[in-house]
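*Asks:* Please find one structure pasted underneath; my questions will follow.
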Amino acid sequence: MSSSAALMRMMKPEEVHESFLFELKGFSAGGALPKEAVELWHREAPELCIGYYEDDRLVARICGTQSSEARYTNSCIYSHEPQGTMVGIHSLVVEQDRRGKGIGTALLKRYLQLIEENLNKVNRVTLVCRERVILYYENRGFQSKGLAEVKVADGTPLFEMECSILRSGNSLF
Ligand SMILES: CC(C)(COP(=O)(O)OP(=O)(O)OC[C@H]1O[C@@H](n2cnc3c(N)ncnc32)[C@H](O)[C@@H]1OP(=O)(O)O)[C@@H](O)C(=O)NCCC(=O)NCCS
Numbered sequence: 026m027s028s029s030a031a032l033m034r035m036m037k038p039e040e041v042h043e044s045f046l047f048e049l050k051g052f053s054a055g056g057a058l059p060k061e062a063v064e065l066w067h068r069e070a071p072e073l074c075i076g077y078y079e080d081d082r083l084v085a086r087i088c089g090t091q092s093s094e095a096r097y098t099n100s101c102i103y104s105h106e107p108q109g110t111m112v113g114i115h116s117l118v119v120e121q122d123r124r125g126k127g128i129g130t131a132l133l134k135r136y137l138q139l140i141e142e143n144l145n146k147v148n149r150v151t152l153v154c155r156e157r158v159i160l161y162y163e164n165r166g167f168q169s170k171g172l173a174e175v176k177v178a179d180g181t182p183l184f185e186m187e188c189s190i191l192r193s194g195n196s197l198f
C-alpha cells in the first residue's frame, strides 16, 4: 500500500531537472529520453506532468503531452498540441525502492482521472513500452495495439498501448 502522507500534484517548473533524473533512473541507456524532451513536457504541458510525493519527497512521476497524431510517433515526444485528441504518456517512473507498493497504479489512475475531468477534447491515452510491461498496462485498462512505430537506440522492440477515455463514469480499475 502507498503511504498515508502521500500527495499527487502538478510538478513545479523548478523540478524539471529532478524529473530528468527520474528518466535516467527509470530507463537504461538508450531507453531514457533526452533532457530537451523532458524540458519540453514540463514547459509546454505542465498540467500533464504529475508527481507523487511522500512527505514532500518526489518518489514517482508521470509525464505526457497532447497530440493530434493517430498513432504514437517520435513527433509526439517532442511536441504538445493543446487541441490534440490523444495524450501520449512518455514516461512513468517509480523510484526503485518504492516499486511494487501500488504507487505506479495510483499515479496512473489519478492521471487518467485528471484527463477525463479536465481535457474534454482528449478521447484516448497512448504510450509505448517494452514487452515485459505490457501486462502491467493491460491490467490497468490499456489494450495492446501491437508493435510501435517508435524505436529505442538498442533496437529493443516497443509495443503501443492505448486506453480510451470514457466519460460515462465507467471505472477502469
Ligand atoms: C513499471 C513501474 C512504473 C510500476 O510501478 P510500481 O509502483 O512498481 O507498480 P505497482 O506497485 O502499482 O504495481 C506492481 C506491478 O508492477 C509490476 N512490476 C513491474 N516492474 C516491477 C518492479 N521492478 N518492482 C515491482 N513490481 C514491478 C508487478 O509485477 C506488478 O504487476 P501486477 O500488479 O500487474 O501483477 C515501475 O516498476 C517503474 O518505474 N519501472 C521503470 C520504468 C518503467 O518501465 N516504466 C514503464 C514504462 S513507461
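Per the numbering used here, the very first residue in the sequence shown carries number 26; after that it's consecutive.
Note that the Cβ used here is the ideal one computed from N, Cα and C, for glycine as well.
(1) Can you tell me whether DSSP reads Y97 as helix, strand or coil?
(2) Could you compute how far the alpha carbon of S92 sits from the alpha carbon of L172?
(3) So is E185 buried or exposed if we call it buried at 16+ other beta carbons inside 10 Å?
(4) What would DSSP say about F45, mapped onto helix, strand or coil?
(5) What residue from L46, A57, F47 has the CA that sits closest to D179's CA?
(6) Leaving out five residues before and five after V175 in sequence, what residues of the same chain have Cβ atoms less than 7 Å from its Cβ?
(7) Taking 7 Å as the cut-off, is the CB of L73 close to at least one heavy atom of ligand 1?
(8) Rounded to whole angstroms, how far is the Cβ of L83 from the Cβ of G76, which I believe are closer than 8 Å?
(9) Based on the DSSP secondary-structure assignment, which residues constitute the bridge partners of E187?
(10) Along the chain, where does the beta strand (DSSP E) that runs through A31 open and close?
(11) My parser needs the beta strand (DSSP E) runs of 3 or more residues fully inside the segment 101-127; what are they?
*Replies:* Reading off the structure:
(1) Coil at Y97, not helix or strand.
(2) Approximately 19 Å between the Cα atoms of the pair.
(3) By the neighbour-count definition (other C-beta atoms within 10 Å, threshold 16), E185 is a buried residue.
(4) The three-state reading of DSSP puts F45 in helix, counting H, G and I together.
(5) The residue from L46, A57, F47 with its alpha-carbon nearest to that of D179 is A57.
(6) Cβ neighbours of V175 beyond the five flanking positions: Y97, T98, N99, V153, L183.
(7) No, since every heavy atom of ligand 1 falls outside the 7 Å radius drawn around the Cβ of L73.
(8) Contact check for L83 and G76: beta-carbon distance about 5 Å, within the 8 Å limit, so the pair qualifies.
(9) BP columns for E187 point to T151, Q168.
(10) First-last of the beta strand (DSSP E) with A31: 31-35.
(11) Fully enclosed beta strand (DSSP E) runs of 3 or longer: 111-119.
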